[in-house]
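Chemist: In case it helps, the numbering used here puts the sequence shown at residues 401 to 669.
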Amino acid sequence: MQYDPIKRVLGDVFNKTPFLRRIFYNMLDLLLLRAWHVHKELREWAANRKTEEQHILDAGSGFGQYTYWLSSQSSKWSILAVDVKEEQISDSNRFFRAIGRQNVLFRIGDLVKYREENTYDLILSVDVMEHILEDVEVFRNFQASLVPGGMLVISTPSDQGGSDVHGDDETSFIEEHVRDGYNIREIQDKLFSAGFSKVEARYSYGKPGQISWRLSMKYPLLMLNTSKAFFILLPFYYLITFPISLVLNWFDVNGKHASGTGLIVKAWK
C-alpha cells in the first residue's frame, strides 16, 4: 500500500484555499488517533502556560496541523516548525500568513543537524523518528535545544505492530520508514543516553485504537490505492464508520494499554 502518494493528493486538494485547509486540519484531528493522544499531552502541558511566553519547536511539521493547533492556544507562544520537505514549508508559510498567525514560522531543517542551544520550552515530534536512521543524534539535538526543565513529546510506532508490521516477513506500508517501530525500553534508553533526566513512555493504539485505525485510515487508503474513484464513495463510507471510530478513539485515549502499536513518549531536560 502506498501512503505518501495519497497524502500528496489530499494535500493538493485541501491546499487550494485557507478555508479548505482548515477543514483538512479539523478532519485530521478527528480521524487520526495519534492527534487525540498528542492533544491530550499538549493540553496537560499548556494548562498553566497560556498567559506566559513559550518557545516551541514542531520538529518534523508535515502538513502543519499540530502547529496550527498550538498557535490557536495562545498568541504569546512563538512556534518554529521545521521539515525537510520544501514544498510543505512553502505552502504552510503561505497559509499561516493568510490567516494572520504572526507567532508561527516554517523553515526547512534537517533534524540530524538542527540544534539551537537552550531555546525551546517544548519540542514536539509526531511520526518523525521512524523516518530518521540517526535517531540518537536527533535526541541529543533535542536535549541541547530545550531550556532546563523543557519537555519533549514524541509520537511514534512501537515494535508491537507499528507501521502495520506484525512479523519478520512483513514490511512497513509507509515506504519512507527506516524502522518499523521502537521497543519501549529501547527508546527510553536512547533518550537517557542523549542526556534527558526523566523519561516516561506509554503505549497508544491499543485494541480499540487498532480497530479504529483500520476503519478510519487503512481500509480507505487501500480503496484509494485501488482506484481514485473511491474518493466519491468516501463520504458514504465515513458516514457509517466515523461514529464507531470516535467511540474507539475515546476508549483508546482514556484507557491504559499493556501493549499497543504506537508509543507516546515524554522526556525532560
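Even for Gly, the Cβ is constructed at its ideal location relative to N, Cα and C.
1. Is the stretch 628-637 in contact with the stretch 577-587, if contact means three or more CB pairs nearer than 8 Å?
2. Starting from S474, follow the alpha helix (DSSP H) in both directions and report where the run begins and ends.
3. Can you find the residues in the same chain that come closer than 7 Å, C-beta to C-beta, to Q345, ignoring five residues on each side of it along the sequence?
4. Kindly examine the ligand GTP and report whether one of its heavy atoms sits closer than 7 Å to the Cβ of I523.
5. What separation, rounded to the nearest whole angstrom, lies between the Cα atoms of S616 and Y638?
6. Excluding five sequence neighbours on each side, which residues of the same chain lie with their C-beta closer than 7 Å to the C-beta of N503?
7. Hey, which unbroken runs of the beta strand (DSSP E) at 3 residues or more fall wholly within the stretch 404-460?
8. Give the secondary structure of G609 by DSSP, where H, G and I count as helix, E and B as strand, and everything else as coil.
9. Give the DSSP-derived three-state secondary structure of I554 in the structure shown.
10. Tell me whether W436 is buried or exposed, calling it buried when 16 or more other Cβ atoms sit within 10 Å of its Cβ.
11. Which residues does DSSP list as the beta-bridge partners of E671?
Modeler: Concretely, from the data shown:
1. no
2. It is not in any alpha helix (DSSP H) - S474 carries neither H nor E in the DSSP assignment.
3. Because the chain in this structure spans residues 401 to 669, residue 345 falls outside the shown range and cannot be described.
4. Within the structure as shown, the ligand GTP is missing, as the structure has no ligands at all.
5. 8 Å
6. S471, S475, W477, S478, I479
7. 454-459
8. helix
9. strand
10. buried
11. Outside the displayed span of the chain (401 to 669) sits residue 671, for which this structure offers no information.
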